[in-house]
Amino acid sequence: DVKVTQSSRYLVKRTGEKVFLECVQDMDHENMFWYRQDPGLGLRLIYFSYDVKMKEKGDIPEGYSVSREKKERFSLILESASTNQTSMYLCASSSQFTISGNTIYFGEGSWLTVV
Amino acid sequence: KNEVEQSPQNLTAQEGEFITINCSYSVGISALHWLQQHPGGGIVSLFMLSSGKKKHGRLIATINIQEKHSSLHITASHPRDSAVYICAVENTGNQFYFGTGTSLTVIP
Chain P
4 DVKVTQSSRY
14 LVKRTGEKVF
24 LECVQDMDHE
34 NMFWYRQDPG
44 LGLRLIYFSY
54 DVKMKEKGDI
64 PEGYSVSREK
74 KERFSLILES
84 ASTNQTSMYL
94 CASSSQFTIS
104 GNTIYFGEGS
114 WLTVV
Chain A
1231 KNEVEQSPQN
1241 LTAQEGEFIT
1251 INCSYSVGIS
1261 ALHWLQQHPG
1271 GGIVSLFMLS
1281 SGKKKHGRLI
1291 ATINIQEKHS
1301 SLHITASHPR
1311 DSAVYICAVE
1321 NTGNQFYFGT
1331 GTSLTVIP
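For the protein sequence lines, the chains are P and A, in the order given.
Numbered by the numbering used here, the letters in the first sequence go through residues 4 to 118 in order.
Numbered by the numbering used here, the letters in the second sequence go through residues 1231 to 1338 in order.
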């Protein structure tokens, strides 16, 4: 069974803390994504990566950074957590070589509360 | 900018009813995806289609490329179908754009 695994399901962090969200996929996918999901706003792309050490900003990258040192692992970093970063964070992965479309696979999500 | 628009936002149905969720998009696509999200977060892919129609059990997805429109139908709805259904489009650069979702509640 294909898997995207997010390291933490629920986190509570203090304002100003550095937060790491880890994501691992076992499908040898080239593309990995970090999304944020808020009520009424849907899924918004924070960053994506199409290869090891490659990253591209999404729609809302401010306050976030990412790291992809290995193909299977994509980390989201909140350098200094703020209360407006309280949200659900979803990691996803997909292949990139099927021109008729690529199934996207999601992790279970990480609920982050910043107090 | 909203590349993907879904309707309705919320939908309540009686068990057994036929349900339709609509999706319109404004960008060129390589595929359209229907996703399901149950309470608790996890999102699973239901369909990926680039033309025509696909069927899986009681779920049917159709797409009209010329009109940039897709529908997800659920026949003989059941309470376990209660979830958020999300339409997403994938462009030729492997980027995904998501609708805001349709929250479906099926009442026994």
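For glycine and all other residues, C-beta sits at the position ideal for the given N, C-alpha and C.
The model shown is predicted, which means the values in this text are computed figures rather than measured ones.
Neighbour flag for residue i against chain P, beta carbons, 7 Å
| i | result |
| --- | --- |
| I1273(A) | yes |
| T1330(A) | yes |
Proximity test, Cβ basis, 7 Å: residue i and chain A
| i | result |
| --- | --- |
| F77(P) | no |
| F23(P) | no |
| E111(P) | yes |
| N34(P) | yes |
| L46(P) | yes |
Within chain A, partners of residue i - CB distance below 8 Å
| i | result |
| --- | --- |
| M57(P) | Near M57(P) there are no residues of chain A at all, since even the closest Cβ is about 13 Å away, more than 8 Å. |
| Q99(P) | N1324 |
| K93(P) | Sequence check: residue 93(P) is Leu here, not Lys. G1271, I1273, listed in chain order. |
| G43(P) | T1330 |
Chain P contact residues for residue i, given Cβ-Cβ distances below 9 Å
| i | result |
| --- | --- |
| E1320(A) | S97, G104, N105, I107 |
| S1280(A) | S103, G104 |
Cβ pair residue i, residue j closer than 7 Å
| i | j | result |
| --- | --- | --- |
| F1328(A) | A1318(A) | yes |
| A1261(A) | S1280(A) | yes |
| Y108(P) | L24(P) | no |
| V7(P) | C94(P) | yes |
| E111(P) | G1272(A) | yes |
| T1250(A) | S1300(A) | no |
| P1309(A) | V1336(A) | yes |
| E122(P) | Q99(P) | With chain P covering only 4 through 118, there is no way to say anything about residue 122(P). |
| G61(P) | I49(P) | yes |
Contacts of residue i in chain P (Cβ-Cβ under 8 Å)
| i | result |
| --- | --- |
| A1340(A) | Shown here, chain A extends from 1231 to 1338; a query on residue 1340(A) therefore has no answer. |
Heavy atom of the ligand HEM within 6 Å of residue i beta-carbon
| i | result |
| --- | --- |
| L93(P) | This structure lacks the ligand HEM, and indeed carries no ligand of any kind. |
- prompt: Considering only residues of the stretch 21–54 of chain P, which uninterrupted alpha helix (DSSP H) runs meet the minimum length of 4 residues and lie entirely inside it, listed in chain order?
  reply: none
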